[in-house]
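Data first, discussion second: the structure below is written as structure tokens.
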Amino acid sequence: RFQACVYFASVFQAMSCGIHYLSSVFMAVTPNFVCGFPGNVSSVLFHNSSASSIEDIWTLWTSTENYIVVQLENGEIWELDQCSRSKREVSLDLAYEYKGNKSVFPCSDGFLYDDTKWKSTVVTQWDLVCDREWLAKLIQPTFMLGVLIGAVIFGDIADRLGRQRVIWFTSAGQFVFGIAVAFTFDYYSFVIVRFLLAMVSSGYLVVAFVYVTEFVGIKARTWASMHVHAFFAMGIMVVALVGFLVRTWWVYQIFLSIATLPFVLCCWMLPETPFWLLSEERYEDAQKVIDTMARWNKVSTPCKVSELCSVQQDDLDSGRTGDDDTSSTKKHSILDLFCNWQIARRTITVWLIWFTGSLGYYVFSLSSVSLGGNEYLNLFLIGAVELPCYIIACVAMDKLGRRNTLIPFLILSALICVLIMFIPQDFNILIILANMAGKFSIGVAFGLIYLYTAELYPTIVRSLAVGSGSMMCRVGSVVAPFCVYLRSVWIFMPLVATVYFLQLLVGIMALLSGILTIMLPETLGKPLTNTLEEATEMGRNKKSCSEKTPPVHSGAALEKIEMFGQERVTIDK
Numbered sequence: 004r005f006q007a008c009v010y011f012a013s014v015f016q017a018m019s020c021g022i023h024y025l026s027s028v029f030m031a032v033t034p035n036f037v038c039g040f041p042g043n044v045s046s047v048l049f050h051n052s053s054a055s056s057i058e059d060i061w062t063l064w065t066s067t068e069n070y071i072v073v074q075l076e077n078g079e080i081w082e083l084d085q086c087s088r089s090k091r092e093v094s095l096d097l098a099y100e101y102k103g104n105k106s107v108f109p110c111s112d113g114f115l116y117d118d119t120k121w122k123s124t125v126v127t128q129w130d131l132v133c134d135r136e137w138l139a140k141l142i143q144p145t146f147m148l149g150v151l152i153g154a155v156i157f158g159d160i161a162d163r164l165g166r167q168r169v170i171w172f173t174s175a176g177q178f179v180f181g182i183a184v185a186f187t188f189d190y191y192s193f194v195i196v197r198f199l200l201a202m203v204s205s206g207y208l209v210v211a212f213v214y215v216t217e218f219v220g221i222k223a224r225t226w227a228s229m230h231v232h233a234f235f236a237m238g239i240m241v242v243a244l245v246g247f248l249v250r251t252w253w254v255y256q257i258f259l260s261i262a263t264l265p266f267v268l269c270c271w272m273l274p275e276t277p278f279w280l281l282s283e284e285r286y287e288d289a290q291k292v293i294d295t296m297a298r299w300n301k302v303s304t305p306c307k308v309s310e311l312c313s314v315q316q317d318d319l320d321s322g323r324t325g326d327d328d329t330s331s332t333k334k335h336s337i338l339d340l341f342c343n344w345q346i347a348r349r350t351i352t353v354w355l356i357w358f359t360g361s362l363g364y365y366v367f368s369l370s371s372v373s374l375g376g377n378e379y380l381n382l383f384l385i386g387a388v389e390l391p392c393y394i395i396a397c398v399a400m401d402k403l404g405r406r407n408t409l410i411p412f413l414i415l416s417a418l419i420c421v422l423i424m425f426i427p428q429d430f431n432i433l434i435i436l437a438n439m440a441g442k443f444s445i446g447v448a449f450g451l452i453y454l455y456t457a458e459l460y461p462t463i464v465r466s467l468a469v470g471s472g473s474m475m476c477r478v479g480s481v482v483a484p485f486c487v488y489l490r491s492v493w494i495f496m497p498l499v500a501t502v503y504f505l506q507l508l509v510g511i512m513a514l515l516s517g518i519l520t521i522m523l524p525e526t527l528g529k530p531l532t533n534t535l536e537e538a539t540e541m542g543r544n545k546k547s548c549s550e551k552t553p554p555v556h557s558g559a560a561l562e563k564i565e566m567f568g569q570e571r572v573t574i575d576k
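Position one of the sequence shown corresponds to residue 4 (the numbering used here), numbered consecutively onward.
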């Protein structure tokens, strides 16, 4: 009961991460637009159709190369393009085609936007079009840059100050910064606040994985960890639903931020994990958490830390007043992820899988926008299609193991990327099916690596390992949008070539990642390690990263605490 309450309370907030990660899909959309005109319009002409206002013309707009002809009340006739406007020198009859002299002017009177779908977006709010279009394209990459930095910073802070404090701060930060985004007064303040929102969202997601992993026992760890992704996908579906119902960007942002307010009000009740408390030698605090678990789970005889760890009370006292240079009190950094060849090779492989999973996820997602139809339904389905993906991944991870599930899905992703490149463009249905299969396979690998990373590293650097992996993941998500924008800065690379380039890149990296994964150790059914020495031994390497630690830090002993309240543990004295 205790673990279930902690788990569902923690993963509920993961929905807000999915919400904020994808909110710019509708918030930063660019509608149809043309240059504004100086004066009051009397009639509007678009090809062979005439109207009294430009709002009546938007339903006929089919291409950005079109222009609108308007006649003002003073008799002037203007041709309105998207980034310029022309005044006809001879104003006789109102006709769409005109071969006479024209004077070209910039859009000094602003722009006119199509508000049939969206009443207001950040693009229409601050005119992020034409020569300011690049500012709109920076909205998502700068957010992902904040995600990248937040993953490392909060992952390290969680290892130093504890998971509980980071959970509190990042949860409150998501709500505060989410609301603040809606009240920003210009583009630059908007980007800065969203950057801070990205940092706390990423920090929460990274630490939440570690948090639930350390509270949930071996039997449920796979399903519990993987379905954090399911709540993230539910956040994507919430974005689609709110986007369909609310068409003003700042109201839309407020509704998205309020969605997870209940968790912010109760997150202060979440306890610290016994794993982290014992790694910091805070035995009394760890005992209090264990006693609370016992009361919630109705266990009549609470376990004692001293019994679980097979040490005497005087050993605990000496541990509190021991030397400051012991490995348990040593402050760890990202360099500890490269402390010997075994751990360094593991770190490089894990980072590559994170990067490949993120880049592949965005490549297949970008390909899915060509499906057409209702964009709100498409986004909803993009989130919904991930749910069966994680169920299949959980079954495979429990039956085959983490490594044996990761390898085939990475290689399958590589094969699908190559296959898509050879499918003729006329076979639309086959291309769609191949893209969905690719997104499914890379989704399994992408979802699995969170749990696998947490199990591959010890408690003292676990949050740092997951955080640094998430950093590499966000490098991929930052790179992907810029690769898509190659078409706008390099005219010799058409959209099809851009997609093929990305798929080839993902295919090569997925194949390389799949091969390197063979050298990783299997973690299925094994207790979480607590020291770098134990993590190294799990890789069958005798070389140690740190000195021998007291028995109290044994990963097996900590695993007994993790399982406490779910199973009775027999301790051999």
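Each residue gets a CB set at the ideal place from its N, CA and C atoms; glycine is no exception.
For residue j and residue i, the rounded distance between their alpha carbons
| i | j | result |
| --- | --- | --- |
| residue 408 | residue 59 | 55 Å |
| residue 494 | residue 137 | Bear in mind that the predicted position of residue 494 carries a pLDDT of just 43, short of 50, making it too unreliable to give a figure here. |
| residue 14 | residue 211 | 7 Å |
| residue 474 | residue 361 | 10 Å |
| residue 132 | residue 123 | 14 Å |
| residue 449 | residue 364 | 8 Å |
| residue 477 | residue 213 | 18 Å |
| residue 22 | residue 244 | 11 Å |
| residue 248 | residue 345 | 52 Å |
| residue 168 | residue 341 | 27 Å |
| residue 241 | residue 384 | 11 Å |
| residue 1 | residue 432 | Summary: the structure shown does not reach residue 1, with the chain confined to residues 4 through 576, and so no result is reported for it. |
| residue 229 | residue 171 | 22 Å |
| residue 388 | residue 436 | 13 Å |
| residue 111 | residue 52 | 27 Å |
| residue 25 | residue 193 | 16 Å |
| residue 282 | residue 292 | 14 Å |
| residue 108 | residue 511 | 49 Å |
| residue 164 | residue 534 | 18 Å |
| residue 339 | residue 350 | 10 Å |
| residue 45 | residue 84 | 18 Å |
| residue 471 | residue 191 | 28 Å |
| residue 73 | residue 50 | 12 Å |
Enclosing beta strand (DSSP E) for residue i [first to last residue]
| i | result |
| --- | --- |
| residue 253 | No beta strand (DSSP E) holds residue 253; the alpha helix (DSSP H) holding it covers 252 to 261. |
| residue 340 | Residue 340 -> no beta strand (DSSP E), and no H or E assigned at all. |
| residue 416 | Where residue 416 is concerned, there is no enclosing beta strand (DSSP E), although the alpha helix (DSSP H) it sits in stretches over 405 to 424. |
| residue 74 | 71 to 75 |
| residue 88 | 88 to 91 |
| residue 49 | 44 to 49 |
Cutoff 7 Å; reference residue i; Cβ partners in own chain excluding five residues on either side
| i | result |
| --- | --- |
| residue 20 | 204, 207, 208, 235 and 238 |
| residue 4 | 299 and 300 |
| residue 151 | 474, 477, 478 and 481 |
| residue 631 | For the chain, the structure presents residues 4 to 576; residue 631 sits outside this window and is missing. |
Residue i and residue j closer than 8 Å at C-beta
| i | j | result |
| --- | --- | --- |
| residue 71 | residue 47 | yes |
| residue 3 | residue 149 | Outside the displayed span of the chain (4 to 576) sits residue 3, for which this structure offers no information. |
| residue 105 | residue 82 | yes |
| residue 129 | residue 250 | no |
| residue 513 | residue 413 | yes |
| residue 295 | residue 410 | no |
| residue 660 | residue 469 | Nothing about residue 660 can be read from this structure; the chain reaches only from 4 to 576. |
| residue 253 | residue 166 | no |
| residue 276 | residue 454 | no |
| residue 405 | residue 526 | yes |
| residue 103 | residue 93 | yes |
Cβ-based neighbour list, residue i, same chain, cut-off 6 Å, excluding 5 preceding and 5 following
| i | result |
| --- | --- |
| residue 308 | 286, 289 and 290 |
| residue 256 | 184 and 185 |
| residue 16 | 174, 263 and 266 |
Sequence-distant residues of the same chain with beta carbon closer than 8 Å to residue i, five excluded per side
| i | result |
| --- | --- |
| residue 335 | 162, 463, 464 and 467 |
| residue 199 | 149, 176 and 180 |
| residue 323 | Note that residue 323 scores 47 on pLDDT, short of 50, meaning its location in the model is unreliable; the coordinates nonetheless yield the value given after this. Correct list, in chain order: 284 and 286. |
| residue 509 | 359, 362, 363, 366, 416, 417, 420 and 445 |
| residue 352 | 516, 519, 520, 522 and 523 |
Short CB-CB distance (under 8 Å) between residue i and chain D
| i | result |
| --- | --- |
| residue 26 | This model lacks chain D altogether, as it is built from one protein chain only. |
Residue i - containing alpha helix (DSSP H), residue span
| i | result |
| --- | --- |
| residue 54 | Residue 54 -> not in any alpha helix (DSSP H); beta strand (DSSP E) instead, spanning 52 to 54. |
| residue 20 | 17 to 25 |
| residue 188 | Note, residue 188: premise wrong, no alpha helix (DSSP H); not H, not E. |
Is the segment 222 to 232 touching the segment 6 to 17 in the sense that three or more CB pairs, one from each, lie closer than 8 Å? In this structure the segment 6 to 17 touches the segment 222 to 232; the number of beta carbon pairs closer than 8 Å is three or more.
Touch check for the segment 77 to 93 and the segment 32 to 42: three-plus C-beta pairs under 8 Å? Output reads yes: the segment 32 to 42 touches the segment 77 to 93.
Is there contact here, the segment 437 to 452 with the segment 391 to 401, by at least three beta-carbon pairs under 8 Å? They touch, by the three-pair rule.
Using 8 Å as the Cβ pair cut-off and three pairs as the minimum, do the segment 21 to 37 and the segment 116 to 124 touch? Yes: the two stretches touch, three or more of their Cβ pairs being nearer than 8 Å.
Counting Cβ pairs closer than 8 Å, one from the segment 266 to 276 and one from the segment 423 to 434, do we hit at least three? Result no; under three Cβ-Cβ pairs closer than 8 Å.
Count the CB pairs spanning the segment 179 to 196 and the segment 249 to 262 that are closer than 8 Å, and state whether there are at least three. Touching, yes, given that three or more Cβ pairs across the two stretches are closer than 8 Å.
The segment 451 to 462 / the segment 525 to 538 touching (three or more Cβ pairs under 8 Å): Because the criterion of three Cβ pairs below 8 Å is met, the segment 451 to 462 and the segment 525 to 538 touch.
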